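Here the structure comes first, spelled out in structure tokens, and everything after it is commentary.
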Amino acid sequence: GENVEQHPSTLSVQEGDSAVIKCTYSDSASNYFPWYKQELGKGPQLIIDIRSNVGEKKDQRIAVTLNKTAKHFSLHITETQPEDSAVYFCAASGTTSGTYKYIFGTGTRLKVLA
Amino acid sequence: GAVVSQHPSRVICKSGTSVKIECRSLDFQATTMFWYRQFPKQSLMLMATSNEGSKATYEQGVEKDKFLINHASLTLSTLTVTSAHPEDSSFYICSARGQGDGYTFGSGTRLTVV
């Protein structure tokens with residue numbers, strides 16, 4: 380079935396350094412790839428997304444890259460800050476019976492050390 | 267932007283009772299909402315897709331008679347956990363799709379069954 384793998388499961392970086400989280404998806408029909416940040420006890424919040432017709436998208440310190448051929452997409456956070464500490468989830472989505480169902484990765488717990 | 271309100275944020279109930287969780291799209295209409303369950307330090311597991319005016323679509327392994335979903339209007343979906351047991355204790359999150367591809371998530375409901 381459809382699957383999204385996410386690595387690493389945990390990531391610790393020094394404040395100011397960059398963090399990279401990688402995901403691989405299995406369904407070649409997937410065409411939309413959002414990234415969510417989840418803080419403890421809260422619902423996920425969309426931080427950036429990318430469509431399959433784009434290779435890279437950037438929003439201030441956050442960027443996402445997509446390699447459709449390899450079915451890889453990655454989240455890049457530069458100049459990390461302590462408030463970036465959270466769990467990050469990638470997801471892949473495509474039209475399945477018109478519902479755009481998400482398949483989530485397993486999550487990455489990011490710790491930014493001050 | 268799109269806002270999804272989920273209520274209650276926390277609930278404690280006794281075994282055998284039922285609990286209703288509400289998910290409202292505040293500033294947009296959502297023909298489709300999704301209900302997820304999340305165990306500690308794990309990813310979001312899709313339980314069901316809630317369709318306005320029709321029956322919900324449940325994922326494999328999710329008991330539809332135990333997790334009743336009603337999507338009676340374009341802005342409200344409810345999840346009722348019937349005859350709750352301690353193993354139903356979890357974090358339940360809803361999401362709704364606005365005009366774009368991205369889903370907006372509610373803030374989640376922490377259910378504890380004692």
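The listed protein sequences derive, respectively, from chains Y and D. Residue numbering for the first sequence follows our numbering, beginning at 380 and increasing consecutively. Residue numbering for the second sequence follows our numbering, beginning at 267 and increasing consecutively. Where is the CB? At the ideal position from N, CA and C, for every residue including glycine. Nothing here was measured: the structure is a model prediction, and the numbers come from that model.
**OP:** Pick out the complete beta strand (DSSP E) segments inside the segment 301 to 332 of chain D, 3 residues or longer, and give them in chain order.
**Re:** 310 to 317
Original post:
Using a C-beta cutoff of 9 Å, does Y:D428 count as contacting chain D?
Top reply: yes
Subject >> Where Y:E458 sits in the DSSP three-state scheme >> reply: coil
**OP:** Under the assumption that Y:T444 contacts Y:S431 (Cβ atoms under 8 Å), give the Cβ distance between them as a whole number of angstroms.
**Re:** Their Cβ separation, rounded to whole angstroms, is 12 Å, which puts Y:T444 and Y:S431 out of contact at 8 Å.
Original post:
Where D:S320 and D:T298 are concerned, what is the direct C-alpha to C-alpha distance, given to the nearest angstrom?
Top reply: 10 Å
Original post:
So, does the CB of Y:S484 fall closer than 9 Å to a CB anywhere in chain D?
Top reply: The residue asked about is misnamed: residue 484 of chain Y is Gly in this sequence, not Ser. Yes, because at least one Cβ of chain D sits closer than 9 Å to the Cβ of Y:G484.
Subject >> Three CB pairs or more closer than 8 Å across the segment 344 to 360 of chain D and the segment 282 to 297 of chain D >> reply: yes
Subject >> Contact belief for Y:F483 with Y:V383 at Cβ below 8 Å, rounded distance in angstroms >> reply: 6 Å
Original post:
Can you list, in chain order, the residues of its chain whose CB lies under 6 Å from that of Y:I429, leaving out five sequence neighbours each side?
Top reply: Answer for Y:I429: F412, K436, V443, L445, listed in chain order.
Subject >> Residue-level contact to chain D via CB, Y:R440, 9 Å cutoff >> reply: no
Original post:
With 9 Å set as the bound, which would you pick, yes or no: does the beta-carbon of Y:G420 sit closer than that to a beta-carbon of chain D?
Top reply: Taking 9 Å as the threshold, the shortest C-beta distance from Y:G420 to chain D falls below it.
**OP:** Determine, using beta carbons only, whether Y:Q385 and Y:T487 come nearer to each other than 9 Å.
**Re:** yes
Subject >> Bridge-paired residues (DSSP) for Y:S453 >> reply: Note: Y:S453 sits in a beta bridge opposite Y:K401, Y:T444.
Original post:
Where does the unbroken beta strand (DSSP E) through Y:K436 begin, and where does it stop?
Top reply: 435 to 438
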